[in-house]
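Novice:
In the working numbering, the protein residues as written are 86 to 267.
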């Protein structure tokens, strides 16, 4: 869980990240940056700061902000009712991102699996994303990603996003933020 005042501080910090990436946000977008702390109380290591531009029953566009060394934990986007899982394309806008997907494992990981969560990271095929590089993740594919030493901003273009249906390898994770008013 995270308090409203903590969310506000993280949003301010995320705005600075987006400014560094030359991503212009409206006042409304700045005020509604989603702080995904995954219920792990470890935002510096496992978290994500999101701006959702649009999410309809046909498509979705977001910005994903990552502080230095921050990791979005391993998960997949499964089929929901009669809809196939979400297909998403990540395009790095600023910084560096190491994306891990199913496939031949890297001989040496450049990312660091967060301490205490090692058992919940199982895919290690490494894709390095630098500004301008992109990668498309098929539906129902396990993946996780981590920013480099200065942080990163990724644009996500996808089919409809139903984050509440994401399946995380770590059973402790709560995808939807629980914010305590203080």
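Think of the CB as a built atom: it goes at the ideal place given N, C-alpha and C, for glycine as much as any other residue.
Residue 127 and residue 39 - do their beta-carbons sit closer together than 8 Å?
Specialist: Outside the shown range of the chain (86 to 267) lies residue 39, about which nothing can therefore be said.
Novice: Where does residue 240 sit, in a helix, a strand or coil, going by DSSP?
Specialist: Strand, per DSSP.
Novice: Quick one: what does DSSP say residue 102 is sitting in, helix, strand or coil?
Specialist: Helix at residue 102.
Novice: Should residue 193 go down as buried or exposed, given a rule of 16 or more other Cβ atoms within 10 Å for buried?
Specialist: Residue 193 should be labelled exposed.
Novice: Which one or two residues does DSSP pair with residue 118 in a beta bridge?
Specialist: According to DSSP, residue 118 bridges with nothing at all.
Novice: Straight-line CA distance for residue 172 to residue 225?
Specialist: When rounded, the distance between both Cα atoms is 8 Å.
Novice: Could you check what DSSP says for residue 232 in three-state terms: helix, strand or coil?
Specialist: If DSSP states are grouped into helix, strand and coil, residue 232 belongs with the strands.
Novice: How many Å lie between residue 264 and residue 174 at the Cα?
Specialist: The straight-line gap from Cα to Cα measures roughly 29 Å.
Novice: Could you spell out where the beta strand (DSSP E) holding residue 158 opens and where it closes?
Specialist: Here the beta strand (DSSP E) through residue 158 covers 156 to 161.
Novice: When the Cα atoms are used, what is the spatial distance from residue 163 to residue 222?
Specialist: Straight-line Cα distance between these residues: approximately 12 Å.
Novice: Please classify residue 131: does DSSP put it in a helix, a strand, or coil?
Specialist: Here residue 131 sits in strand by DSSP.
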